[in-house]
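Residue numbering for the sequence shown follows my numbering, beginning at 1228 and increasing consecutively.
Backbone N, C-alpha and C define an ideal beta-carbon position, used for all residues, glycine too.
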Amino acid sequence: MTGLEQGFKHKVECHEIWEFDDQNRTQTLTGFVSLCPMCHKVKHFGLAQLNGEEEMVLKHMMKVNDMRLMEANEIIIQAFVVWKGRSDIQWSVNIDYIDTYLIDDFNTFMKKF
């Protein structure tokens, strides 16, 4: 379990989960997951690099996944290869998940409490 060293009152962050159909150039939102702040930085490793947090985030990734540096670097390199290939594509974005699974009327939501 991650985040234990941060205590039981640390914040969690919401990370979106996307499915990519490279052939049809469609990016579909399929869900959300709560992550501790450090695990969320692992998911956005490029941003961590830009913010000067690469070493700290890499160490966290290795610790949580019980992996060695070589394996972690291979995963990161492959993720950047995929990202680079997809970054030049004009994607059609499907966010139907929000209408299907999330409450879109805040007042209706608040009436439940």
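A distance below 6 Å between beta-carbons, with the five flanking residues on each side excluded, links F1247 to the following residues of its chain, in chain order: Q1254.
Between W1245 and L1256, the gap from beta carbon to beta carbon is short of 8 Å.
Counting only runs of 3 or more residues that sit fully inside the stretch 1235-1284, the beta strand (DSSP E) segments are 1240-1248 and 1253-1262, in chain order. DSSP places D1323 in the uninterrupted alpha helix (DSSP H) bounded by D1323 to Y1328. Rounded to whole angstroms, the gap between the alpha carbons of L1329 and V1308 is 33 Å. If you draw a straight line from the Cα of H1287 to the Cα of C1266, it is about 8 Å long. Shown here for E1280: same chain residues with a beta carbon closer than 7 Å to its own, the five before and five after excluded, namely K1268 in chain order. By a beta-carbon distance limit of 8 Å, P1264 contacts E1240. Their separation comes to about 6 Å. At the C-beta level, S1319 and R1252 come within 8 Å of one another.
In the DSSP annotation of this structure, the continuous segment of the alpha helix (DSSP H) that includes Q1305 starts and ends at L1296 to S1314.
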